[in-house]
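Residue numbers (my numbering), protein chains in the order written: chain A, 151 to 398; chain B, -3 to 282; chain C, 405 to 717. From the three backbone atoms N, C-alpha and C, an ideal C-beta is built for every residue, glycine too. Only one structure is covered here, and it is reproduced in the block below.
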């Protein structure tokens, strides 16, 4: 078996009696860019939460580079190379952008436990934070509190946080949610420019963005995978048109 | 063996009292997300008012009703003009209601003084009953158990069998649902809050007839009620019942077997719960 | 601005150093108490202002450490150099035990810490053969290290002043460290912190223990000042007043808790000189703080400053 970056086997998540995710299996190859699409309520975000460890799945298995991580806490998965963004912006509003990044940078190593030295005296972290901000087009913003920058910039910060934990597999939950067409363009370009060695899993509503970035596409509907294929195959599939494009 | 049985009855009668207090606390949290730390002070002031009524009229029943009603009325104003203004900020609620409890406690101290006082129980409730095996037990404590069971059943019926109860239960699960039912939420909140205050005042009179009333009693009883709620799970009526029994029995046996560490006995269940069920036995995510 | 701050600091330090000559024993005593309880409030605020957790059990660590020092010195004749560290150690060990409460959040955390605090009070109160019951342990001497012995309250005032300044400086480093930054991260968003690789439960647990250690240190300073300790030190009002001090002064700051302690203690002292009902007055302060000054004095000062600035520009 070729080395899969991510293997999800028969994953299910019940809320009350309701199956939000119902027996989903997925294999994503190392370096692949996979996009998840599906109408609202299809279970995309819940699937993400279960895979990254934010929620506990009711059943099934998740493996990262062949290692079973189903029972691992989220912070352990991050240490093993999972990184994620949130659909609803989840940054630290009272901290500056530089401090936001610093948290991401030291989060996966032992420096997060240092108590006897101010964070700003870590030159290496500072430099990395500035680079990380520049990488998502936030240069010159390091001293501003996150609550004072625009929504679009907070989305860029959201991406920067995930990128600075050193992820091998990156989960992007609608990175362009709520953005203007111009901002969308910027963010999708940033994602497209990510190194090809990084495995990407992305939830996206915008079909053009999705199909432009994806190597392969998985279509979810009512908690199940109804189709998996290349962007061309998905675009051509009548069933997908029905459940997905039909709504648009 | 006899002592063990006696302690069991002691525990159950304390549980009955704790249930009266904890059920109101847990229901106001469940429906309104209100944490009212003045609940213990409600208990104390209810007991004192009942005491004065009993001394003037000689009627224990009037004392129960009067103590409960006085607290329900006072609780209404405190709820409307103070607690309501904190929204759902629990930190603010806790500080504010602790402040209210301090004020009530000090006012009570000025009026009723610092001595241990006892609400006079009526003649027909005094004395002992003889249990099989020749065990003598105070009659009053049995009556208290009946009162607790009666209130428990009444609340349970109200909770499970009436439309009001259905709305309250929906509110415990999902606040949005209450607004969607079209019921006058404001009036419902006032009713539940008044009921909680009434039960606290009632508990004060009932408890004042055997635990005595004194400055500081409000915090001691509150902590017991809090442990009941923690063990049972915030917002759960069943939890309050089970929690009250657990705490009542543990306390009775603790006082008997380890008198110097009886408070420490309460620590056990809390610690175990925190390790295994941080939300309490019947708790939900909030 | 920074120069103005420095000036303020120099003036404050000079004032603090000169206080025993200017204010006499009354004000020196009040200032000592303000610093001790300010330190306790600061320990509460490490959790409240930085990690977003409202602990109501800090009197436990404060009291256990005070009792330990008192019992070891008075009953077993231990020297200060052994008794004081033992007090801090035991208080911190209790914090390590009570730290399991960080498995809960929000209301549960508040309620559980109240209950835990009562366990400690109950033991101090009931286990009279060891703790001295309601009378507690009396005749605690001033601290002495070898030939250096504190002999007066004025001298002790300087000891406390030095200790508080050191603690303040250490605290400043702590809250600016990566660990302290992490706490603020947890307060803002625990889910995000987990996805960044933080084991947030452990992070908060460590903060809880550190905060307990600081409260224990305040307990040591307290028992040498007070000369005795009784169950009141472990009682719920002490915990809740420490939180109030932090809030009145302004959470998330270093001077705030000390300012708050000054306001609360000063008010209580002043009020109790003419009315009996100081609990009711405290209650009124709680209510007023929640309704009108939830950001505390530091918050009010910041608002005033912002308004003045707005007028200038």
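- Under DSSP, residue 110(B) forms no beta bridge with any residue.
- Inclusion of residue 163(A) and residue 208(A) in the CB contact set at 8 Å is warranted, their separation being smaller than that value.
- No Cβ-Cβ contact shorter than 8 Å links residue 238(A) with residue 314(A).
- Taking a C-beta cut-off of 9 Å against chain C, the contacting residues of the segment 228 to 252 of chain A are 228, 229, 232, 233, 234, 235, 236, 240, 241, 242, 243, 244, 245, 249, 250, 252, listed in chain order.
- A residue is called buried once 16 or more other Cβ atoms fall within 10 Å of its Cβ, and residue 158(A) is buried on that count.
- Using a C-beta cut-off of 8 Å, the segment 223 to 237 of chain A makes no contact with the segment 571 to 583 of chain C, since fewer than three inter-stretch Cβ pairs fall below that distance.
- Contact residues of the segment 94 to 120 of chain B toward chain C are 94, 95, 96, 97, 98, 99, 100, 101, 102, 103, 105, 106 (C-beta to C-beta distance below 9 Å).
- In this structure, the CA atom of residue 269(A) is about 8 Å from the CA atom of residue 275(A).
- Between residue 386(A) and residue 269(B), the alpha-carbon positions lie close to 55 Å from each other.
- A contact is defined here as three or more CB-CB pairs under 8 Å, and the segment 58 to 65 of chain B fails this definition with respect to the segment -2 to 13 of chain B.
- Within its own chain, the residues whose Cβ lies closer than 6 Å to the Cβ of residue 594(C), once the five positions on either side in sequence are excluded, are 604, listed in chain order.
- Taking 7 Å as the Cβ-Cβ cut-off, the segment 580 to 605 of chain C approaches chain A at 580, 581, 582, 583, 585, 586, 588, 589, 592, 593, 595, 596, 598, 599, 600, 601, 602, 603, given in chain order.
- Rounded to the nearest whole angstrom, the C-alpha separation of residue 265(A) and residue 610(C) is 11 Å.
- Looking from the CA of residue 650(C), the closest CA among 668(C), 484(C), 674(C) belongs to 668(C).
- Between residue 266(B) and residue 226(B) a beta carbon distance of about 6 Å is seen, short of the 8 Å cut, so the two are scored as contacting.
- Those residues of the segment 59 to 88 of chain B placed with their C-beta closer than 9 Å to a C-beta in chain C are 78, 81, 82, 85, 86, 87, 88, ordered along the chain.
- Around residue 657(C), the same chain offers 702 as residues with beta carbons nearer than 6 Å, after the five sequence neighbours per side are excluded.
- Annotation: residue 209(B) is outside any alpha helix (DSSP H) and is labelled neither H nor E by DSSP.
- According to DSSP, residue 232(A) shares a beta bridge with 319(A).
- The beta strand (DSSP E) runs lying completely inside the segment 188 to 218 of chain A and spanning 3 residues or more are 209 to 214, given in chain order.
- Residue 5(B) and residue 140(B) have their alpha carbons spaced roughly 11 Å apart.
- With respect to the 8 Å criterion, residue 33(B) and residue 189(B) are not classified as neighbours on the basis of their beta carbons.
- Taking C-beta separations shorter than 7 Å and ignoring five residues to either side along the sequence, the partners of residue 215(A) in its chain run 153, 155, following chain order.
- Of the candidates 247(A), 258(A), 183(A), the residue whose Cα lies closest to the Cα of residue 229(A) is 258(A).
- Distances from the alpha-carbon of residue 320(A) to those of 179(A), 175(A), 222(A) put 179(A) closest.
- Of the candidates 253(B), 142(B), 181(B), 148(B), 181(B) places its Cα closest to the Cα of residue 160(B).
- Contact annotation: the segment 529 to 548 of chain C touches the segment 472 to 492 of chain C, with at least three C-beta pairs closer than 8 Å.
- Contact check for residue 196(B) and residue 20(B): beta-carbon distance about 5 Å, within the 8 Å limit, so the pair qualifies.
- For residue 160(A), there is no enclosing alpha helix (DSSP H); the enclosing beta strand (DSSP E) has its first and last residue at 154 to 165.
- For residue 257(A), the nearest beta carbon of chain C is closer than 8 Å to its own beta carbon.
- Flagged as an interface residue toward chain C: residue 311(A), by a C-beta distance shorter than 8 Å.
- For residue 655(C), the CB contacts under 6 Å within the same chain, skipping 5 residues up- and downstream, are 449, 452, 453 in chain order.
- Beta-carbon to beta-carbon, residue 628(C) and residue 544(C) are separated by about 6 Å, close enough to satisfy the 8 Å threshold.
- Judged by DSSP secondary structure, residue 266(A) falls outside any alpha helix (DSSP H); it is assigned neither H nor E.
- With contacts defined as CB atoms closer than 8 Å, residue 272(B) and residue 64(B) fail to qualify as a contacting pair.
- Restricting attention to 551(C), 601(C), 439(C), the CA atom closest to the CA of residue 564(C) is found in 439(C).
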